Amino acid sequence: MIHGIDLSIRDGEFISLIGASGCGKSTLLRMIAGLEDISGGTISIDGREVNNVAPKNRDIAMVFQNYALYPHLTVADNMGFSLKLRDVPKPEIVRAVREAADLLGLTPYLNRMPKALSGGQRQRVAMGRAIVRKPRVFLFDEPLSNLDAKLRVQMRTEIKALQRRLGTTSIYVTHDQIEAMTMSDRIVILNGGRVEQEGAPLDVYDRPANLFVATFIGSPAMNLIEATVRRDGDRLFAETDDGLRLPLANAPVAEGTAVTVGVRPEHLNFVSSDAAGALPFAIDLIEPTGHETHVFGRLGRHQVVAIHAKRIAETSSAFVTIAPGGVHLFDRASGQRIERI
Amino acid sequence: MRSLISTLPGRVGTVLAVILLVAWSLGPIYWSLVTSLTPPLHLLGAPSLWPHQITFEHYAKLFGATSLSQGNAVQSVWPQFSAALANSLITSVLATVVTVAIAAFGAYAFVRLEFPGRDLLFVAVVATLAIPAYTVMIPLYRLMISLKLIDTYTGITLIYVSAFLPLALWLMRSVYQAMPISLEEAAWLDGAGRVYTLVHIVLPLAAPGLIASAILTFLNAWGQFMVPLVFSPTLATKPLTVLIPEFVTRNYIDFGLMNAAGILAIIPPVLLVLFLNRYLVSGLMAGATK
Chain A
50 MIHGIDLSIR
60 DGEFISLIGA
70 SGCGKSTLLR
80 MIAGLEDISG
90 GTISIDGREV
100 NNVAPKNRDI
110 AMVFQNYALY
120 PHLTVADNMG
130 FSLKLRDVPK
140 PEIVRAVREA
150 ADLLGLTPYL
160 NRMPKALSGG
170 QRQRVAMGRA
180 IVRKPRVFLF
190 DEPLSNLDAK
200 LRVQMRTEIK
210 ALQRRLGTTS
220 IYVTHDQIEA
230 MTMSDRIVIL
240 NGGRVEQEGA
250 PLDVYDRPAN
260 LFVATFIGSP
270 AMNLIEATVR
280 RDGDRLFAET
290 DDGLRLPLAN
300 APVAEGTAVT
310 VGVRPEHLNF
320 VSSDAAGALP
330 FAIDLIEPTG
340 HETHVFGRLG
350 RHQVVAIHAK
360 RIAETSSAFV
370 TIAPGGVHLF
380 DRASGQRIER
390 I
Chain B
194 MRSLISTLPG
204 RVGTVLAVIL
214 LVAWSLGPIY
224 WSLVTSLTPP
234 LHLLGAPSLW
244 PHQITFEHYA
254 KLFGATSLSQ
264 GNAVQSVWPQ
274 FSAALANSLI
284 TSVLATVVTV
294 AIAAFGAYAF
304 VRLEFPGRDL
314 LFVAVVATLA
324 IPAYTVMIPL
334 YRLMISLKLI
344 DTYTGITLIY
354 VSAFLPLALW
364 LMRSVYQAMP
374 ISLEEAAWLD
384 GAGRVYTLVH
394 IVLPLAAPGL
404 IASAILTFLN
414 AWGQFMVPLV
424 FSPTLATKPL
434 TVLIPEFVTR
444 NYIDFGLMNA
454 AGILAIIPPV
464 LLVLFLNRYL
474 VSGLMAGATK
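These protein sequence lines map, in sequence, to chains A and B.
The first sequence runs 50 to 390 under the working numbering.
The second sequence runs 194 to 483 under the working numbering.
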């Protein structure tokens with residue numbers, strides 16, 4: 050089910066639909082493709098309403114999660130299938146297929162059957178099939194989810210570079226926030242068939258509109274601490290029920306408001322005990338990842354995780370401060386972000 | 194690693210089971226072959242596992258213009274035999290082609306098209322498999338008489354198709370259900386219509402299922418006895434299954450001739466299965482997805 054989505058995508062834009070499984074992102078993509086009927090609203094491509102236009106007449110190409118290559122056709126025939134159906138002359142098809150194959154490094158495999166290809170090659174054939182047509186829109190339905198981690202990173206950059214080069218409007222569905230963040234001009238976060246937030250990847254990361262987005266984007270996820278807004282003279286702070294005080298800068302929020310304070314792990318900075326605003330941090334577990342260290346522990350009674358750019362020796366306690374601008378404030382009742390002034 | 198002692202009885206058991214199974218299925222054919230090669234007089238004595246004296250006189254009786262029977266030159270049965278062989282081939286092939294063609298398209302509709310009562314209709318079609326043939330024989334006979342379809346290829350083929358289609362539909366439905374719909378969706382987005390997609394994308398991939406349906410239907414039709422016994426009274430459409438028992442005459446049962454004809458009647462279905470089996474390769478879908 051998709052509810053009241055109002056989204057316009059600019060020509061040549063790369064946009065990602067992201068959300069947990071069942072959030073409606075694939076359904077939305079399939080609606081754009083014409084593979085699912087819509088019960089209300091309109092879908093327009095290039096100003097033309099396509100609600101009742103058959104998929105084949107929408108001038109879109111789709112790359113499926115399972116690639117959906119025609120197993121009884123060679124790579125070249127797979128890629129040229131759509132042109133053949135459009136009665137494009139044979140030499141023209143051969144030329145278009147060659148061109149796409151060159152672009153994707155598939156030239157040596159043109160006469161192979163799909164079953165004789167590796168996963169990454171099949172993925173490329175699926176993309177080749179989409180690009181030979183020069184469609185108005187590319188639709189990607191989790192195209193990398195069947196590849197291993199290393200290949201996924203490689204294909205990610207390839208797809209992005211290819212899209213830049215071709216300049217074709219692309220809609221990309223993924224549940225992988227790293228893919229969405231790294232590839233997109235804009236991301237749309239979906240939850241339960243509704244848009245939670247849309248915007249440039251870093252804007253969404255820096256200013257999540259609500260608690261769902263705050264925890265969905267970013268890994269490890271944003272730390273959330275439930276607190277109540279208090280005032281001490283002209284200083285505003287959020288106080289937890291166990292007395293932890295987190296400073297708030299100029300938030301337009303009344304005293305006594307129940308809030309959730311969000312702090313990204315990289316905004317918890319380790320400091321010495323005598324630093325201003327130092328908060329005692331009890332360490333439970335230290336996970337070195339190589340280029341940074343994830344430190345799991347407690348601020349008061351609240352489980353949090355901090356990311357430290359350097360390596361850390363085993364220890365059981367430390368002090369942290371919250372980096373300037375590192376506090377995200379959410380209204381606990383509505384879950385909506387409270388914007389700083 | 195399992196020890197030899199624990200696997201040895203298992204192996205012996207397997208070998209025994211295989212021998213039993215082979216004897217069970219090939220034994221009657223062997224017996225028939227031996228009988229068809231044994232001189233008529235020897236057939237009346239004690240049965241023997243192999244012919245003491247090999248003769249081709251039964252086959253000669255089938256193929257020759259005339260042949261010797263109990264010392265007299267008699268008309269051979271080749272005219273009847275060849276007509277019945279042709280009838281068997283024609284009705285079986287017609288039934289197979291029509292059944293598989295309808296099943297290929299019909300089952301697709303049952304899987305991919307949405308229409309009211311779809312599943313109910315399918316259950317109703319398959320449920321006809323449970324109706325014993327003899328319960329519909331008399332009404333069917335009256336129907337065929339009024340349609341003037343008794344003793345015609347059309348009549349026999351229609352009966353076969355109605356009898357074997359449910360099974361073929363059922364088989365093809367599960368074949369289509371196992372196919373990822375994304376292949377068809379990819380074809381639609383590539384610009385193919387429903388029928389083009391079915392013919393050029395779906396059917397080639399469903400080939401193993403189509404061949405299995407064809408084999409099942411052909412063998413079923415080839416082995417039919419009761420339907421042609423009722424609906425094919427003359428050599429215009431009478432198949433081998435009905436002709437061969439007619440070699441039993443009032444005074445004499447020609448075991449040799451019956452078995453020789455039986456052995457020959459086995460050949461077409463065996464050839465068909467051997468031929469189609471090559472296309473029954475599994476893994477045809479490999480490389481389509483993932």
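For each residue, glycine too, the CB sits at the ideal point set by N, CA and C.
These numbers were taken from a predicted model, which means no experiment stands behind them.
Residue range of the unbroken beta strand (DSSP E) whose run includes residue i
i	result
residue 280(B)	Premise fails: residue 280(B) lies in the alpha helix (DSSP H), 271 to 305, not in any beta strand (DSSP E).
residue 330(A)	328 to 337
residue 352(A)	351 to 357
residue 221(A)	218 to 223
residue 317(A)	317 to 320
residue 186(A)	186 to 190
residue 366(A)	366 to 371
residue 231(B)	First-last for residue 231(B): undefined, no H or E at that position.
residue 251(B)	Here residue 251(B) belongs to no beta strand (DSSP E); instead the alpha helix (DSSP H) covers 250 to 256.
residue 323(A)	Counting along the chain, residue 323(A) falls outside any beta strand (DSSP E), and DSSP gives it neither H nor E.
residue 348(A)	342 to 348
residue 441(B)	From DSSP, residue 441(B) is part of no beta strand (DSSP E); its letter is neither H nor E.
Residue nearest to residue i in terms of C-alpha spacing, selected from the options
i	options	result
residue 224(A)	266(A), 143(A), 319(A) and 385(A)	266(A)
residue 376(B)	443(B), 395(B) and 384(B)	395(B)
residue 450(B)	216(B), 361(B), 213(B) and 226(B)	226(B)
residue 305(B)	369(B), 362(B), 401(B) and 447(B)	369(B)
residue 169(A)	60(A), 193(A) and 358(A)	193(A)
residue 283(B)	327(B), 350(B), 436(B) and 372(B)	350(B)
residue 181(A)	144(A), 160(A), 159(A) and 202(A)	144(A)
residue 179(A)	161(A), 118(A), 347(A) and 238(A)	118(A)
residue 380(A)	353(A), 369(A), 71(A) and 310(A)	310(A)
residue 159(B)	419(B), 415(B) and 337(B)	Past the boundaries of the shown model lies residue 159(B); chain B is included only from 194 to 483, so the question cannot be answered.
residue 285(A)	63(A), 306(A), 61(A) and 256(A)	306(A)
residue 185(A)	212(A), 116(A), 272(A) and 322(A)	212(A)
residue 377(A)	105(A), 232(A), 257(A) and 283(A)	257(A)
residue 456(B)	434(B), 327(B) and 293(B)	434(B)
residue 82(A)	95(A), 72(A), 232(A) and 111(A)	111(A)
residue 301(A)	239(A), 389(A), 291(A) and 338(A)	389(A)
Residue range of the unbroken alpha helix (DSSP H) whose run includes residue i
i	result
residue 449(B)	448 to 470
residue 252(A)	250 to 255
residue 173(A)	168 to 180
residue 205(A)	198 to 215
residue 231(A)	226 to 232
residue 144(A)	139 to 153
residue 132(A)	124 to 134
Cut-off 7 Å between Cβ atoms - residues of its own chain near residue i, not counting five sequence neighbours on either side
i	result
residue 371(A)	295, 312, 316 and 317
residue 357(A)	319, 341, 342 and 344
residue 276(A)	287, 288, 289, 295, 308 and 310
residue 484(B)	Residue 484(B) lies beyond the range of chain B shown here (194 to 483); nothing can be said about it.
residue 133(A)	142
Proximal residues to residue i (C-beta, below 8 Å), its chain only, five neighbours per side dropped
i	result
residue 476(B)	Here the model assigns residue 476(B) a pLDDT of 42, short of 50, so the residue's position is not dependable and the matter cannot be decided.
residue 254(A)	230, 266 and 267
Cutoff 6 Å; reference residue i; Cβ partners in own chain excluding five residues on either side
i	result
residue 359(B)	318, 319, 321 and 322
residue 230(A)	250
residue 153(A)	173 and 177
residue 314(A)	269, 354, 355 and 356
residue 384(A)	259 and 260
residue 194(B)	Unreliable positioning characterises residue 194(B) in this predicted model, as indicated by a pLDDT of 49, which lies under 50. A coordinate reading is not provided.
residue 399(B)	368
residue 333(A)	345 and 346
Count Cβ pairs between the region 419 to 435 of chain B and the region 333 to 349 of chain B that sit closer than 8 Å; are there 3 or more? Taking a contact to require three or more Cβ pairs closer than 8 Å, the region 419 to 435 of chain B and the region 333 to 349 of chain B qualify as touching.
Interfacial residues, the region 361 to 381 of chain B to chain E, with Cβ spacing under 7 Å: In the structure shown, chain E does not exist; the protein chains are A and B.
Problem - At least three beta-carbon pairs within less than 8 Å, the region 212 to 229 of chain A to the region 63 to 74 of chain A - result: Output reads yes: the region 63 to 74 of chain A touches the region 212 to 229 of chain A.
Margin query: Between the region 336 to 343 of chain A and the region 281 to 298 of chain A, can you find at least three pairs of beta-carbon atoms closer than 8 Å?
Written below: Touching, no, given that fewer than three Cβ pairs across the two stretches are closer than 8 Å.
* Three or more C-beta pairs below 8 Å linking the region 140 to 153 of chain A and the region 85 to 96 of chain A -> Touching, no, given that fewer than three Cβ pairs across the two stretches are closer than 8 Å.
Open item on the list: Between the region 190 to 205 of chain A and the region 162 to 179 of chain A, can you find at least three pairs of beta-carbon atoms closer than 8 Å?
Closed with: In this structure the region 162 to 179 of chain A touches the region 190 to 205 of chain A; the number of beta carbon pairs closer than 8 Å is three or more.
Problem - Three or more C-beta pairs below 8 Å linking the region 269 to 277 of chain B and the region 243 to 256 of chain B - result: Because the criterion of three Cβ pairs below 8 Å is met, the region 269 to 277 of chain B and the region 243 to 256 of chain B touch.
task: Could I get the ranges of all uninterrupted alpha helix (DSSP H) runs contained in the region 64 to 119 of chain A, with 4 residues as the minimum, in chain order?
output: Within the region 64 to 119 of chain A, the complete alpha helix (DSSP H) segments at least 4 residues long are 74 to 82, listed from N- to C-terminus.
- Message: If contact is defined by three or more beta carbon pairs under 8 Å, each pair taking one atom from either stretch, is the region 200 to 220 of chain B in contact with the region 346 to 362 of chain A?
- Response: Because the criterion of three Cβ pairs below 8 Å is not met, the region 346 to 362 of chain A and the region 200 to 220 of chain B do not touch.
Next item on the list: Counting only runs of 4+ residues fully inside the region 362 to 431 of chain B, write out the alpha helix (DSSP H) ranges in chain order.
Entry: Taken in chain order, the complete alpha helix (DSSP H) segments of 4 residues or longer contained in the region 362 to 431 of chain B are 374 to 382, 387 to 390, 400 to 415 and 419 to 424.
Margin query: I'd like the ranges of any beta strand (DSSP E) spanning at least 3 consecutive residues and lying wholly in the region 298 to 349 of chain B.
Written below: Counting whole runs of 3 or more residues, the region 298 to 349 of chain B contains no beta strand (DSSP E) stretch at all.
Touch check for the region 123 to 138 of chain A and the region 89 to 99 of chain A: three-plus C-beta pairs under 8 Å?
Contact between the region 123 to 138 of chain A and the region 89 to 99 of chain A is absent, because fewer than three Cβ pairs lie under 8 Å.
Complete runs of the alpha helix (DSSP H) confined to the region 234 to 289 of chain A [at least 4 residues]:
With a minimum length of 4 residues, the continuous alpha helix (DSSP H) runs that stay inside the region 234 to 289 of chain A are 250 to 255 and 260 to 265.
Pairs of beta-carbons, one from the region 107 to 118 of chain A and one from the region 374 to 390 of chain B, closer than 8 Å: are there three or more? By the Cβ test, the region 107 to 118 of chain A is in contact with the region 374 to 390 of chain B, since at least three Cβ pairs between them sit closer than 8 Å.
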